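In the working numbering, the protein residues as written are 2 to 279.
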Amino acid sequence: MAAFAAYTIIGLSLGGIFSLAALGIVLIYRTTGVLNFAHGAMGMFSTFIAWQVFYGWSHPFWPGWLSTLLAVIAGLVFAAAMGLFLEFAVFRWVRPREPVVKAVITIGVLLALQSAASLIWKNNQYHLPIYLAPQTATITISDVPIGANNIVIIVAALVLAFGLGAFLRYSTFGRAMRAVSDSPTSASLWGVPVGRVGAVSWMLGSLVAAVAGILITPFINFDTTSLTLLIIDALAAALIGGLVSLPLTVLGGFILGLLETYPTIWIQSLGGFAVAAK
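Dropping the structure here:
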């Protein structure tokens with residue numbers, strides 16, 4: 002029972018990462034009609050920027066929390082700037098084009114970001130995480146010690162989902178984003194700044210991708226490819242939400258995380274991971 006509880010928390014943490022990444026996909030698709038296959042690569046690049054600041058540029062005499070704060074800020078600022086740049090330089094000019102054309106363009110963006118990251122950081126694997134909570138901090142649930150970073154991921158996914166939902170529903174700009182998602186032409190006729198809405202959508206989507214990438218670093222050996230491939234699970238979660246519903250997208254992410262984690266219990270009951278390799 003203790004193992005089941007522990008793997009449930011691990012699965013929810015993994016699902017929280019999928020949910021966060023998927024939220025950005027849904028947000029961009031709802032307001033711009035672009036199915037962004039470059040979403041994982043955008044998160045990857047921003048994560049490596051944060052990683053570079055944390056491990057490459059931090060002063061050894063700085064307190065750990067300051068290095069973490071500066072790294073996260075650098076990653077998020079870069080993510081927002083990248084989303085804004087892509088909207089202004091690329092996707093604003095292809096807004097009238099067919100959805101499949103815009104999707105293919107995002108694949109080109111993916112390849113460009115992947116190639117640039119490989120040139121800068123090579124294809125080495127790293128396990129140099131950015132901890133948002135103390136590495137040794139734990140919370141005991143049903144006599145099972147759970148790492149505080151696992152809880153941070155779950156809480157971050159839920160807070161961002163509810164926060165984005167409230168922003169879209171209750172804020173003036175959020176209602177403008179919903180109007181653009183329903184009908185860009187009609188929204189433009191009513192004076193909604195469609196271009197500005199698209200820019201903010203890309204910025205927010207890129208920010209959420211960066212958050213997902215930074216949060217996953219304590220739990221995996223990562224490289225430029227593995228972080229980019231986060232798009233697979235994120236897209237699956239987004240599709241569960243119909244590329245529209247934020248709550249269903251988050252639920253889909255958590256379900257996928259549990260489905261990928263629970264088989265580990267069965268594998269270990271057969272004698273460990275060596276069984277799976279046979």
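Virtual Cβ for every residue (Gly too), placed ideally from N, Cα, C. Values in this document were obtained by computation on a predicted structure and should not be read as measured data.
**Study point:** Secondary structure of P64, DSSP reduced to three states
**Key:** Reduced to three states, the DSSP call for P64 is coil.
Exercise for review: Taking L240 as the reference, give the member of T262, L15, N37 with the closest Cα.
Suggested key: Of the residues T262, L15, N37, the one whose Cα lies closest to the Cα of L240 is N37.
Check your understanding: At what residue ranges does the region 9–90 contain a whole run of the beta strand (DSSP E), taking only runs of 3 or more?
Key -> Along the region 9–90, the beta strand (DSSP E) does not occur as any fully enclosed run of 3 or more residues.
Review point. How many angstroms separate the CA atom of G273 from the CA atom of S189?
Key: Its pLDDT being 49, under 50, G273 is placed unreliably by the model, and nothing is read from it.
Point to revise | Of the listed residues A104, A235, I266, nearest to L21 (C-alpha basis) | key: Of the candidates A104, A235, I266, the one whose C-alpha sits nearest the C-alpha of L21 is A235.
Point to revise | Backbone CA spacing between T48 and A149 [nearest angstrom] | key: Per the coordinates, the alpha-carbon of T48 lies some 20 Å from the alpha-carbon of A149.
Review point. Would you say the region 76–89 touches the region 181–200, given that touching needs at least three Cβ pairs under 8 Å?
Key: As far as the Cβ criterion goes, the region 76–89 touches the region 181–200, which means the pair count is three or higher.
Review point. Do A72 and F46 have their CB atoms nearer than 8 Å?
Key: Contact annotation: A72 and F46 have beta-carbon atoms that are not nearer than 8 Å.
Exercise for review: Could you name the residues that DSSP lists as bridge partners for G148?
Suggested key: Looking at the DSSP output, G148 sits in a beta bridge with T139.
Exercise for review: Reducing DSSP to helix, strand and coil, say where Y1 ends up.
Suggested key: For residue 1 there is no data in the structure shown, the boundaries of the chain being 2 and 279.
Check your understanding: If we count Cβ pairs, one from each stretch, closer than 8 Å, do we get three or more for the region 103–122 versus the region 217–227?
Key -> In short, these stretches touch, since the Cβ pair count reaches three.
**Study point:** Classification of I131 by the beta-carbon crowding that lies within 10 angstroms, buried from 16 upward
**Key:** Burial call: buried.
Point to revise | Residue from A162, R96, D144 with nearest C-alpha to A23 | key: Per the Cα distances, A162.
**Study point:** Assigned exposure category for A167 - 16 Cβ within 10 Å defines buried
**Key:** That one is exposed.
Review point. Of the residues Y263, G44, V110, which one's Cα is nearest the Cα of G79?
Key: In the sequence as presented, Gly is not what sits at residue 79; that position holds Phe. When only C-alpha atoms are compared, the closest one is G44.
Exercise for review: Could you work out which residue in I50, M83, G84 is closest to S68 when comparing CA atoms only?
Suggested key: Between S68 and the set I50, M83, G84, the nearest pair of CA atoms involves I50.
Point to revise | C-alpha distance - M178 paired with L169, whole-angstrom precision | key: Those two C-alpha atoms are separated by around 7 Å.
**Study point:** First and last residue of the uninterrupted alpha helix (DSSP H) at M211
**Key:** According to the sequence displayed, residue 211 carries Ala and not Met. Run containing A211: 195–217, per the alpha helix (DSSP H) assignment.
Review point. Buried or exposed: which applies to I11, given that a residue is buried once 16 or more other Cβ atoms fall within 10 Å of its Cβ?
Key: Result: buried.
**Study point:** Closest by C-alpha distance to Q53, when choosing among A210, T250, G243, I121
**Key:** Distance from the Cα of Q53 is smallest, within the candidate group A210, T250, G243, I121, for I121.
Point to revise | Length of the line joining the Cα atoms of Y171 and L165 | key: Their backbone Cα atoms lie some 10 Å apart in a straight line.
Exercise for review: Measure the C-alpha to C-alpha separation of V156 and G17 and round it to an integer number of angstroms.
Suggested key: Near 8 Å, if we compare the C-alpha coordinates of G17 and V156.
Review point. Going straight from the alpha carbon of I221 to that of S119, what length do you get?
Key: So the alpha carbons of these two residues sit roughly 18 Å apart.
Check your understanding: Which residues in the same chain have their Cβ closer than 7 Å to the Cβ of I106, if we skip the five residues on either side of it in sequence?
Key -> Cβ neighbours of I106 beyond the five flanking positions: V91, V95.
Check your understanding: When burial is assigned at 16 or more other CB atoms within 10 Å of the CB, is P185 buried or exposed?
Key -> Looking at its Cβ environment, which holds 16 or more other Cβ atoms inside 10 Å, P185 is buried.
Practice item. Return the first residue and the last residue of the alpha helix (DSSP H) that S246 is part of. Key: Counted as a single uninterrupted DSSP element, the stretch harbouring S246 is not any alpha helix (DSSP H), since DSSP gives it neither H nor E.
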